[in-house]
Amino acid sequence: FLVALREHNRKLWTRSFPFHFGIYMLAGLIFLLFVGAVAGATGVDVSPSGGAIWSGLYHLTYIVGYVGLALALVGSLALLARRTFEISYVQYTKKADYFNLLFFIVTIAIALAAHIVADPNFSILRSYVAMLVTFDFTSAGAGATAFSGLTAAEVVLGCVLLAYIPLTHMSHFFTKWFMYHDIRWSDEPNLPG
């Protein structure tokens, strides 16, 4: 929840938290799509009429998806605005930082547009994940549905973004996840040898 940032820099936290929490929700969306895809590939009806559990998964998927996309978009726009218009941040912002935020903004905006226009309940995306899970890329595979141009752009940009993140400082989440407590609280002396 970025508690230290909230305590020490509330102004930045109000911009950073929506972005990060939106990204966390999008990671949850990928998990929900995977569970729905596996269930659908085994013949389970993941739809409003699929029984309590699968109907719940169906609805939870698009709720998490829309909330995650909206938060990540608002947060990335707010972070870009801060880096662009606040003098104390302009001095420390590299061109790569602008590119990274713009890459997120474009990818998330296209994904949001794809779901508003072409895939409002994330069913097309779920069938795409099912094709990946089953390795069946035929038109009949895993209940495949035709992609719109926006959905195809969402998938391509999302995959490129996921491949790009580890090559940048944006992968800080990985090191914080595994090393935060050691870095912040470790008091063991570093002895020679």
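Those letters in the sequence shown? Residues -14 to 178, by the numbering used here. Don't be surprised by glycine CBs; every beta carbon is placed ideally from N, CA and C.
Per DSSP, what kind of secondary structure is residue i in: helix, strand or coil?
i                 : result
alanine 125       : Low confidence applies here, because alanine 125 scores a pLDDT of 49, under 50, leaving its location unreliable; read the following figure in that light. Looking at alanine 125 - three-state DSSP - the assignment turns out to be coil, as it is neither helix nor strand.
leucine -13       : coil
glycine 50        : helix
lysine 79         : coil
serine 133        : coil
glutamate 71      : coil
phenylalanine 107 : coil
serine 112        : helix
serine 32         : coil
glutamate 173     : coil
glycine 178       : coil
threonine 153     : coil
phenylalanine 120 : coil
threonine 27      : coil
asparagine -6     : coil
Rounded to a whole number of angstroms, what is the C-alpha to C-alpha distance between residue i and residue j?
i                 : j                : result
alanine 24        : lysine -4        : 43 Å
arginine 193      : isoleucine 38    : Residue 193 is absent from the structure shown; the chain starts at -14 and stops at 178.
glycine 178       : alanine 57       : 45 Å
alanine -11       : histidine 157    : 16 Å
threonine 119     : alanine 22       : 9 Å
arginine 111      : phenylalanine 16 : 11 Å
proline 105       : isoleucine 48    : 10 Å
leucine 147       : alanine 94       : 16 Å
leucine 117       : valine 145       : 16 Å
glycine 50        : serine 32        : 16 Å
aspartate 82      : valine 29        : 44 Å
glutamate 173     : arginine -9      : 28 Å
histidine -7      : leucine 18       : 36 Å
glycine 35        : valine 20        : 14 Å
alanine 26        : glycine 13       : 20 Å
leucine 152       : phenylalanine 88 : 14 Å
tyrosine 113      : serine 171       : 44 Å
phenylalanine -14 : aspartate 121    : 39 Å
alanine 127       : lysine 80        : Note that alanine 127 scores 48 on pLDDT, short of 50, meaning its location in the model is unreliable; the coordinates nonetheless yield the value given after this. Cα-Cα distance, rounded: 42 Å.
leucine 176       : isoleucine 8     : 39 Å
phenylalanine 84  : glutamine 76     : 16 Å
methionine 155    : alanine 115      : 29 Å
alanine 99        : histidine 5      : 22 Å
Could you tell me whether the Cβ atoms of residue i and residue j are closer together than 7 Å?
i            : j                 : result
proline 3    : valine 59         : yes
leucine 142  : threonine 92      : yes
leucine 65   : leucine 86        : yes
serine 61    : isoleucine 101    : no
threonine 78 : arginine 67       : no
threonine 46 : phenylalanine 107 : yes
Are there three or more Cβ pairs, one per stretch, closer than 8 Å when the segment 34 to 53 is compared with the segment 132 to 147?
-> Here the segment 34 to 53 does not lie against the segment 132 to 147, with fewer than 3 beta-carbon pairs under 8 Å apart.
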